[in-house]
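The structure under discussion appears below in the form of structure tokens.
Here it is, written out as structure tokens:
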């Protein structure tokens, strides 16, 4: 293209903002245009205006192309391409040449725009180059900007999306909203909040907060306590919390004290038993008799401990499996008989809010820090975005290590075809989350629950499972990818031999690791790399349940 065509106009930037669903930022050129003239690819400076190094030079913007490429990713094309790179030296050499060309153009752009050298990303391109394929969107953006013959896999991906998009046609009509004002807040292009004003967004989030207000009351501090309440908030109270999920049932007996009105937990007893309550629920819709028997056996043990330690308040929360089961009344009646409390089959939104409360109860952060908490369970995964003020947005998904093992990863070890299909389902789930939770707004990512703590233990090469060593660990994306890949591709015996592997996780950790890896990679991509690490917390929904019981 000519320099005039490369130079973005104010109209181009407005169009890009509408295409992306967020304000276009640090765009220095238009890398490629539609036949009608609209932008297809945004070219970004190698250092953003906020000082962050930014290796992704070409950002695919057009919604029709973006959706088409997402279909390829969901179909497992990236794994297939990576395998071919390992087996085809000629293709690998051409791909490496594309990597070198990418680096050279990025350096040229840095020089043209006055940014200059960016030593932090020397030798680092994007999309997985030069040895693997990690993001097809980057490769397609590179091919569109550089033209045919530069990036072989980007060119191939363009050919493979031809049923949905080709260079010689305009697909802009109806592809984005051209009637509303261009977005003025930084939201993911995948969300349904595109074009909403700040007031409309606040109203949307306020409506969601009302649904989870009860679970967040201990963090909100909005009500003024009377004298009796004030006394309650200074005295020590012993509570018991039970979290009965799809794969495990856990007990926390804790003393609750208050520091400046903020509740703090001190563990008395913390136990986990693998009950696999969700066994077969995805296929049959019913709780299996043997799963109920395992659960009731653990409940008998917990009831004895609660009596022994004199807990004043008990809250029993049941999550995904019991929500889904036709015969959940059998479960409810059995728990009531053993523990004397009504088990609460909570909604996905409340589950998300309790997870956030527990995970952030021991983490620092300024009032403005937006934390994304991911609670990866056996049958569901919760995504919760919030601040110290409470939850902003939340979404519960039917995606978990047990559910996805039974649904997808049935071989030992799983085949690449099984992994590809599972990864596609995970990406679809994340796309659904984006309609509710603006993941691109996150400032930090926190992962909770057994899958994530086990992946962290593997990354740390621990000689045994140690909650103290795991809690608060911050790992970069590359270390999480490596640890998850290793666990995913191990056979069952190899996983069972790991010194930190709980026996109840041996069969399902591969699916859990794949889910966590895909979430971490996607969040890093959606935040343009500003979230490049994840923190593991040993405190999660169980702590949130205990805090709520203390109210």
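Numbering (our numbering), first residue to last: 8 to 558. All C-beta atoms, glycine included, are put in the ideal place defined by N, C-alpha and C.
Helix, strand or coil for residue i, going by three-state DSSP, please let me know.
i	result
residue 213	Reliability of the predicted coordinates at residue 213 is poor, the pLDDT of 49 falling under 50, and no value is obtained from them.
residue 539	coil
residue 544	strand
residue 553	helix
residue 231	Confidence in residue 231 is poor, its pLDDT being 36 and thus under 50, which makes the residue's placement unreliable; the coordinate value appears in the next sentence. Coil at residue 231, not helix or strand.
residue 472	coil
residue 65	strand
residue 412	helix
residue 156	coil
residue 89	helix
residue 205	Here residue 205 scores only 40 on pLDDT, less than 50, and its place in the model is too uncertain to base an answer on.
residue 432	helix
residue 515	coil
residue 42	coil
residue 107	helix
Just to confirm, is the Cβ distance from residue i to residue j under 8 Å?
i	j	result
residue 281	residue 332	no
residue 375	residue 394	yes
residue 143	residue 80	yes
residue 21	residue 189	yes
residue 49	residue 38	yes
residue 2	residue 444	Examination of residue 2 is not possible in this model, given that the chain is present from 8 through 558 alone.
residue 480	residue 516	no
residue 64	residue 32	no
residue 534	residue 433	no
residue 520	residue 491	yes
residue 417	residue 518	no
residue 293	residue 334	yes
residue 329	residue 251	yes
residue 454	residue 381	yes
residue 168	residue 76	yes
Tell me the DSSP bridge mates of residue i?
i	result
residue 323	249
residue 60	54
residue 279	257
residue 36	50
residue 404	388
residue 270	265
residue 244	263
residue 481	542
residue 394	397
residue 454	381 and 543
residue 448	Answer by DSSP bridge pairing: none, since residue 448 is not bridged.
In chain order, what residues of the same chain have a beta carbon less than 7 Å from the beta carbon of residue i, not counting five sequence neighbours either side?
i	result
residue 317	245
residue 5	There is simply no residue 5 to check, as the chain begins at 8 and stops at 558 in what is shown.
residue 539	483, 484 and 531
residue 125	53, 54, 60 and 117
Spatial neighbours of residue i within its chain, please: CB distance less than 8 Å, with the 5 preceding and 5 following residues excluded, ordered by chain position.
i	result
residue 159	98, 101, 102 and 105
residue 7	The shown model of the chain, from 8 to 558, leaves out residue 7, and the question about it has no answer.
residue 469	476, 477, 506 and 507
residue 510	281 and 503
residue 141	85, 134, 135 and 528
residue 406	387, 388, 432, 433, 436 and 522
residue 556	246, 247, 248, 320, 321 and 322
Using a Cβ-Cβ cut-off of 6 Å (strictly less than) and excluding sequence neighbours within five positions of residue i, which residues of its own chain qualify?
i	result
residue 271	264
residue 274	261
Taking only heavy atoms of the ligand SAM into account, decide whether any of them is closer than 7 Å to the Cβ of residue i.
i	result
residue 139	In the structure shown, the ligand SAM is absent, as is every other ligand, since no ligand is present at all.
* Are there three or more Cβ pairs, one per stretch, closer than 8 Å when the stretch 455-474 is compared with the stretch 540-551? -> yes
* Asked: With contact counted as at least three CB pairs below 8 Å, one residue from each stretch, are the stretch 254-267 and the stretch 298-309 in contact?
  -> yes
* To do: For the stretch 106-118 and the stretch 130-142, state whether three or more C-beta atom pairs, one from each stretch, are separated by less than 8 Å.
  => yes
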